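**Student:** Take this structure, written in structure tokens, and hold onto it; I'll ask about it next.
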Amino acid sequence: MSIVSVWMEVESQQFNSAAAKLSYELIIKPLMKMSTDETVVEQNQEKLEKVLDVYEARLSQSKYLGGEAFTLSDLNHLPILNNLFKTKIKAMFDERPHVSAWCADILARPGWKKVVQRFTIYFSAEMAIKVHGTILSTATRRVLACLNEKELDFELVPVNLGAGDHKKEPFLSLNPFGQVPGFEDGDLKLFESRAITQYIARTYADKGTPLVYEDPKKMAILSVWMEVEAQRFEIPASKLSWELCIKPAIGMVTDDAIVEEQASELAKVLDVYEARLAKSKYLGGDTFTLADLHHLPNINYLMGTRVKAVYDSRPHVSAWCADILARPAWQKVVAMRNQ
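Be aware that the sequence shown starts at 1, since it is given in UniProt numbering, and climbs by one per residue.
Written out as structure tokens, the structure is:
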């Protein structure tokens, strides 16, 4: 018991001192819409690394900190470990093999998983970002892709379009135009998918993938291509998605005259894209941004149709499509559709 007590004190006085501050800066502050202090993060990363070096040595000799059985000296670590594993700090644990194996072991314990499950239910009901829509909707998918890129928890609240739920309360209190998605983040309610993605990208700038720029000139260029997507690409692409994907799915007949007309319009837009992408890896610059992300839902639909040839015949456009469609955040959205 004396050995267990030693490691309980180590957790309390050494591990918790650094880990609690990191948890506050990287988890709690963002939830409260406060800015993370990177200086504090850096200082406490160094402190935590020293502690974990000691843990690595101990765990190379013993399965658990207090001995060969799971005890309070391990259990007391669980809440903050669980938090830190959702942040960049996880890498510090992963690079120490005995520490990493110990973390995987104790975080998988049924007793702890029950705690996580109960908290997740509470979080989804009371705290999480909520997206009201349907996974078939391109606008809803646009928002979900952005949330995945920012590695944010959210709840998709299904809206039954067939039953007309989007045209009556309570949905109309979220979007008075009766179109999905509606969006909630705490007491904030938004509609229009591109406005929502910009809110997410700026509000959660320190999370996940940076999707906008701080530099005004870079942001101006990015904004141009966001406008191009909304005003030029979206018009023919959404009509084609409707005719070639949605209509067949709901038992309606595709209008080939509209398809031919809109494919011609889309080709003109993609000629401009081809020239741009010959000079830049992505539309807004050399990094993936909202200017690219906003295209994903319509491109994904059209890649399964005859219109794919319009993309494939332009090598830079084709490579760009393959790149952005392969992003893990988008693949998560696709997986939701297949569930």
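In this text, a Cβ means the ideal position worked out from N, Cα and C, and glycines have one as well. Owing to the predicted nature of the structure, the values given are computational and were not obtained by experimental measurement.
Based on Cα-Cα distance, which residue from Glu38, Phe70, Glu42 and Ser280 lies nearest to Met8?
**Tutor:** The residue labelled residue 8 in the question sits at position 8 within the sequence shown. Checked all of Glu38, Phe70, Glu42 and Ser280; the closest Cα to Met8 is Phe70.
**Student:** May I have the straight-line CA-CA distance separating Arg142 from His295, to the nearest angstrom?
**Tutor:** Translated into positions along the sequence shown, residue 142 becomes position 142. Translated into positions along the sequence shown, residue 295 becomes position 295. Spanning the two alpha carbons is a distance of roughly 8 Å.
**Student:** So is Lys279 buried or exposed if we call it buried at 16+ other beta carbons inside 10 Å?
**Tutor:** Walking along the sequence shown from the start, residue 279 turns up at place 279. So Lys279 ends up on the exposed side.
**Student:** Classify Arg96: buried if its beta carbon has 16 or more other beta carbons within 10 angstroms, exposed otherwise.
**Tutor:** In the sequence shown, the residue the question calls residue 96 occupies position 96. When all chains shown are included, Arg96 counts as buried.
**Student:** Near Lys47, which residues of its chain fall below 8 Å by C-beta distance, leaving aside the five closest residues on each side in sequence?
**Tutor:** Counting from 1 along the sequence shown, the entry for residue 47 is found at position 47. Around Lys47: Ser17 and Ala18.
**Student:** Return the residue from the list Thr305, Asn300, Val307 and Arg306 that minimises the CA-CA distance to Ala322.
**Tutor:** Here residue 322 refers to the residue found at position 322 when the sequence shown is read from its first residue. Measuring from the Cα of Ala322, the nearest candidate turns out to be Asn300.
**Student:** Pro181: buried (16+ other C-beta within 10 angstroms of its C-beta) or exposed?
**Tutor:** For the purposes of this step, residue 181 is identified with residue 181 of the sequence shown, where counting begins at 1. Label assigned to Pro181: buried.
**Student:** If we require 3 or more residues per run, which beta strand (DSSP E) segments fall completely within the UniProt domain "GST C-terminal" (1-131)?
**Tutor:** Those beta strand (DSSP E) runs which fall completely within the UniProt domain "GST C-terminal" (1-131) and span 3+ residues do not exist here.
**Student:** Using the Cα positions of Gly133 and Pro79, report the straight-line distance between them to the nearest angstrom.
**Tutor:** Stepping through the sequence shown from its first residue, residue 133 is reached at position 133. Stepping through the sequence shown from its first residue, residue 79 is reached at position 79. So the two alpha carbons sit approximately 33 Å from each other.
**Student:** State the Cα-Cα distance for the pair Leu325 and Asn298, rounded to the nearest angstrom.
**Tutor:** Walking along the sequence shown from the start, residue 325 turns up at place 325. Walking along the sequence shown from the start, residue 298 turns up at place 298. Cα to Cα, Leu325 sits roughly 11 Å from Asn298.
**Student:** Starting from Pro176, trace the beta strand (DSSP E) both ways and give me its first and last residue.
**Tutor:** Residue mapping note: residue 176 aligns to position 176 of the sequence shown, counting from 1. Neither: Pro176 is in no beta strand (DSSP E) and is coded neither H nor E.
**Student:** Can you name the residues that DSSP bridges to Pro170?
**Tutor:** Within the sequence shown, residue 170 is the residue found at index 170, counting from 1. DSSP, once it has assigned bridges, lists no residue as partnering Pro170.
**Student:** With three or more C-beta pairs closer than 8 Å as the rule, is the stretch 250-266 touching the stretch 220-236?
**Tutor:** Touching, yes.
**Student:** Going by CA-CA distance only, name the one from Thr140, Leu136 and Asp187 that's closest to Ile250.
**Tutor:** Residue mapping note: residue 250 aligns to position 250 of the sequence shown, counting from 1. With distances taken between Cα atoms, Ile250 lies closest to Leu136.
**Student:** Measuring straight from C-alpha to C-alpha, what distance separates Arg58 and Ser5?
**Tutor:** The sequence position of residue 58 within the sequence shown is 58, counting from 1. The sequence position of residue 5 within the sequence shown is 5, counting from 1. Answer to the nearest angstrom: the Cα atoms are 15 Å apart.
**Student:** Would you grab the beta carbon distance between Asn83 and Ile129 for me? Rounded to a whole angstrom, and I think it's under 8 Å.
**Tutor:** Locating residue 83 in the sequence shown gives position 83, counting from the first residue. Locating residue 129 in the sequence shown gives position 129, counting from the first residue. Between Ile129 and Asn83 the Cβ distance is about 18 Å, and since that is not below 8 Å, they are no contact.
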